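This report concerns only the one structure given below.
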Amino acid sequence: MRTSLIAVAALGYGVWAVWPDFAHDAAAPILLLAGQVALAVTGGLFLAEGQRLVGTLFAAAAFAELTAALTSRPWGWHPFIAHMARPVGALLLMTVLLSYPHRRVGYRAFVLGASALLLVANVADAVTWDPAPPGRPPAGFAWITLHADGPEQRTAYGAYWLLVIAVAMAALALVAHRAVTARGLERRELVPVFVASAVYGFAILSNAVWTVTPYFTGDDPLDPAYVPDVVSISAVAAPLLIPAAFLAAAIRRRLDRAAVADLVTGIAQPATAESVREALRRALADPGLDLFAGDPPDADGRLDLEITDSAGRPLAHVRTAPELRRRGDVVEAALGAAALSLENARLHTDLQQQLRQVEDSRARIVEAGVAERRRPSPTTAAAAPPCGRAAAWPAWPTASTPWAGRCASRARRGEAPGWKPGW
């Protein structure tokens, strides 16, 4: 609901701000309006996700850029208000592009210093310009002029645009630094944001160069600077890339979460510490990730995480890049999948051990049974017919007894008298 209200407010305010421009050139105001409404919607979406810093900066940048477009209304205080808002939108977007995805302002000293210098230079440019100097027709709008000195009155004009060029170049250098130093999931997510930041920065830089050129060529400082159409259109259209880049980054985040689901099916079963480690490295895009089955070594500055089973008992420890602390959702899901694989592996090992114990016990029982069958039984031996044992029977078997033939046969073979199994 809040995102819809922000979008409607930005659209209504933007149409009102650029409406006069539709009479002579519709392309530029349409691009401007589309870009700023997209920025406002992006801000609303970030606010809905709880990222207040980025969401607020996006929405404020959209309204600031639309306010700077009030130059299309050359009456009343509209031009002066538009002049005051001229650098605000770009500064807010620069802050977003140098801060995201963190929840605090990135490169804080540079952002605050550059913003203060540009705002002061912009105010100085405004109050040292007289839109209706002697010899010129009066202006049709209100303006505050504190000091004007003939044709040299726009010294602050040149200083402001030179400062814009310097800040744009420094911001591009910081974007390049972020792109080089980013690692793992963060780099994979922010590639479209880095590209959009570079395009937006170059658009501002080229527009500033063309705008400040008359200051050095000796042209009339009161005349509008000549800026090629391709440069001016690119400066208006470049903000459209920023919401698209953040949309691509959001899609990449969701794909990272989906990749964790493949972690479970991608580990060969039964899992081993090596297979789980390699799967975690792929899912978290950290080739330096380490997995320890026992207690981990001393801390080395990396993020130390513990993998536990369903009962909360430790299974292993993981050491990975500290940048992954921001991606807690992906890391937690990956560790959960790894815990499932490790717990299944432990259960498989326990089951195999129990099966071996059962097999060993069965083998011992079989061997004991065989040995028992081979050993003469004392009870059976006591009850056996006494071939030659007069103590157990009253007389030696005669020809009339059933076993007399067997005893005689054994006697002829020279075997000792006695009872054996099988008789």
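Residues in the sequence shown are numbered from 1 upward in steps of one, following full-length UniProt numbering.
Just so it is clear, CB atoms sit at the ideal spot from N, CA and C, and this is done for glycine as well.
Please read all numbers here as calculations on a predicted model, not as lab measurements.
Should residue i be labelled buried (16 or more other beta-carbon atoms within 10 Å of its own) or exposed?
i	result
P394	The predicted position of P394 is uncertain, since its pLDDT is 49 and thus under 50; no value can be drawn from it.
G14	buried
S341	buried
F216	exposed
E359	exposed
M94	buried
E65	buried
I365	exposed
P228	exposed
A392	Low per-residue confidence applies at A392: pLDDT is 47, beneath 50, and the placement is therefore not dependable enough to give any value.
Q352	exposed
T349	exposed
W129	buried
H83	buried
G135	exposed
R389	For R389, the predicted model reports a pLDDT of 49, less than 50, meaning its position is unreliable; a value from the coordinates is still stated below. That one is exposed.
I251	exposed
W423	Confidence in W423 is poor, its pLDDT being 43 and thus under 50, which makes the residue's placement unreliable; the coordinate value appears in the next sentence. Exposed: under 16 other Cβ atoms inside 10 Å.
W161	buried
P421	Its pLDDT being 48, under 50, P421 is placed unreliably by the model, and the measurement read from it follows with that caveat. So P421 counts as exposed.
V193	buried
I204	buried
V330	buried
I6	buried
R2	exposed
R154	buried
residue 477	The requested residue 477 does not occur in the structure, where the chain is confined to residues 1 to 423.
L289	buried
Y157	buried
R86	buried
D125	buried
P297	exposed
V8	exposed
A249	buried
L255	exposed
R73	buried
For the alpha helix (DSSP H) holding residue i, just list the boundary residues, first then last.
i	result
R319	Careful: R319 lies outside any alpha helix (DSSP H), inside the beta strand (DSSP E) at P314 to T320.
F63	R52 to A68
D329	G328 to R374
G44	A27 to A48
A9	R2 to V18
L324	Counting along the chain, L324 falls outside any alpha helix (DSSP H), and DSSP gives it neither H nor E.
V96	V88 to S99
R282	A273 to L284
A116	R108 to V127
I233	D229 to A237
R187	G184 to T217
G135	Neither: G135 is in no alpha helix (DSSP H) and is coded neither H nor E.
R103	From DSSP, R103 is part of no alpha helix (DSSP H); its letter is neither H nor E.
L172	T155 to T181
Sort out for me which residues DSSP pairs residue i with in a bridge.
i	result
G76	F141
R292	It should be pointed out that residue 292 corresponds to Phe in this sequence rather than to Arg. Looking at the DSSP assignment, F292 forms a beta bridge with H317.
Span of the beta strand (DSSP E) holding residue i?
i	result
L303	L303 to T308
If residue i sits next to residue j, beta carbons under 8 Å apart, how far is it from one beta carbon to the other, in whole angstroms?
i	j	result
V236	L31	5 Å
A196	L241	4 Å
residue 445	L284	Past the boundaries of the shown model lies residue 445; the chain is included only from 1 to 423, so the question cannot be answered.
G43	F22	With a Cβ gap of about 25 Å, G43 and F22 do not count as contacting.
V175	G140	At roughly 41 Å, the Cβ-Cβ gap does not stay under 8 Å, so V175 and G140 are not in contact.
A60	L92	5 Å
L291	R302	Their Cβ separation, rounded to whole angstroms, is 12 Å, which puts L291 and R302 out of contact at 8 Å.
A68	G89	6 Å
I144	V120	Not a contact, Cβ separation roughly 15 Å.
R257	A333	6 Å
A271	A345	4 Å
F63	A142	About 22 Å; that fails the 8 Å criterion.
L97	I81	Contact flag wrong, Cβ pair sits at about 26 Å.
Does the beta-carbon of residue i, which I'm using as the reference point, lie nearer than 7 Å to any heavy atom of the ligand ATP?
i	result
E332	Looking for the ligand ATP in the displayed structure turns up nothing, as the structure carries no ligands at all.
Practice item. Say whether the segment 95-110 touches the segment 42-57, bearing in mind that this needs 3 or more beta-carbon pairs closer than 8 Å, one atom from each stretch. Key: yes
**Study point:** Any 3 or more C-beta pairs closer than 8 Å across the segment 165-183 and the segment 307-318
**Key:** no
Point to revise | Inter-stretch contact (C-beta, 8 Å, three-pair minimum) for the segment 114-125 and the segment 61-77 | key: The answer is no - the segment 61-77 does not touch the segment 114-125, with fewer than three Cβ pairs under 8 Å.
Review point. Pairing CB atoms from the segment 280-298 with CB atoms from the segment 321-331, are three or more of them under 8 Å?
Key: These segments touch.
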